[in-house]
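Below is one structure, written out as structure tokens, with a few remarks after it.
Residue numbers (the numbering used here): 1 to 156.
Written out as structure tokens, the structure is:
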């Protein structure tokens, strides 16, 4: 999905989701072939219900049709981001304080090698996170621009 497509899709879907007092976590389009799949991830404190996903699905379908956004058939999926949800915005990291996460870093941050780093999000603010590296017993401050990708992890 191009940046323009992403921005216009967010502009259509975000009011639908926020109208239900939910948060739009992410949107992705896969399978650009005959029948692309449009996935909308929603969440709220305490998680979302199947009924909320179904309602957003119906309303998103209506909004997309009204805007003539998709000019061919497509599959629409609406769900929660799951247990290993991506962390993209400062609010995501703040909500995840105390949780195990995997970060993929853009640059070398202090003594942390670039690549996947497992640890606990010890704190988060508007500029970055405090990350306790698992097995090393040290905390590092990581600015958001240095985080390429982040996901919650399941601790067994």
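We put the CB at the ideal spot given by N, CA and C, even for glycine.
TODO: Give a yes or no on whether the C-beta atoms belonging to residue 37 and residue 65 are separated by under 8 Å.
DONE: Looking up residue 37 in the chain shown gives position 37. Looking up residue 65 in the chain shown gives position 65. Cβ distance not < 8 Å, so residue 37 and residue 65 don't count as in contact.
- [ ] Kindly indicate which three-state DSSP category residue 57 falls into: helix, strand or coil?
- [x] Counting from 1 along the chain shown, the entry for residue 57 is found at position 57. In the three-state scheme derived from DSSP, where H, G and I count as helix and E and B as strand, residue 57 is classed as helix.
Open item on the list: Taking 8 Å as the cut-off, does the segment 85 to 99 touch the segment 54 to 64 (at least 3 CB pairs, one atom from each stretch)?
Closed with: These segments do not touch.
- [ ] Use the C-beta contact count for residue 83: other C-beta atoms within 10 angstroms, 16 or more gives buried, fewer gives exposed.
- [x] As a working mapping, residue 83 is identified with position 83 in the chain shown. The residue is exposed, with fewer than 16 neighbouring Cβ atoms inside 10 Å.
Task: Outcome for residue 62 when other beta-carbon atoms lying within 10 angstroms are tallied against a minimum of 16 - done: Position 62 of the chain shown, counted from the first residue, corresponds to residue 62. Exposed: under 16 other Cβ atoms inside 10 Å.
Task: For residue 144, three-class secondary structure by DSSP - done: Residue mapping note: residue 144 aligns to position 144 of the chain shown, counting from 1. Helix, per DSSP.
- [ ] Could you check how far apart the C-beta atoms of residue 90 and residue 43 are, in whole angstroms? I think they sit under 8 Å.
- [x] Here residue 90 corresponds to residue number 90 of the chain shown, with the count starting at 1. Here residue 43 corresponds to residue number 43 of the chain shown, with the count starting at 1. In this structure residue 90 does not touch residue 43 by the C-beta definition: roughly 15 Å separates them, more than the 8 Å allowed.
- [ ] List the whole-angstrom C-beta distance separating residue 106 from residue 151, where the pair is believed to meet the contact cut-off of C-beta under 8 Å.
- [x] Taking the first residue of the chain shown as position 1, residue 106 is located at position 106. Taking the first residue of the chain shown as position 1, residue 151 is located at position 151. The beta-carbon separation of residue 106 and residue 151, rounded to 16 Å, does not stay under the 8 Å limit for a contact.
Open item on the list: For residue 24 and residue 136, I'd like the C-alpha separation in whole angstroms.
Closed with: Numbered from 1 along the chain shown, position 24 holds the residue referred to as residue 24. Numbered from 1 along the chain shown, position 136 holds the residue referred to as residue 136. Distance between the alpha carbons of residue 24 and residue 136 is about 35 Å.
Task: Pair within 8 Å by beta-carbon distance, residue 133 and residue 115 - done: For this step, residue 133 is matched to residue 133 along the chain shown. For this step, residue 115 is matched to residue 115 along the chain shown. With respect to residue 115, residue 133 sits apart: the two C-beta atoms are not nearer than 8 Å.
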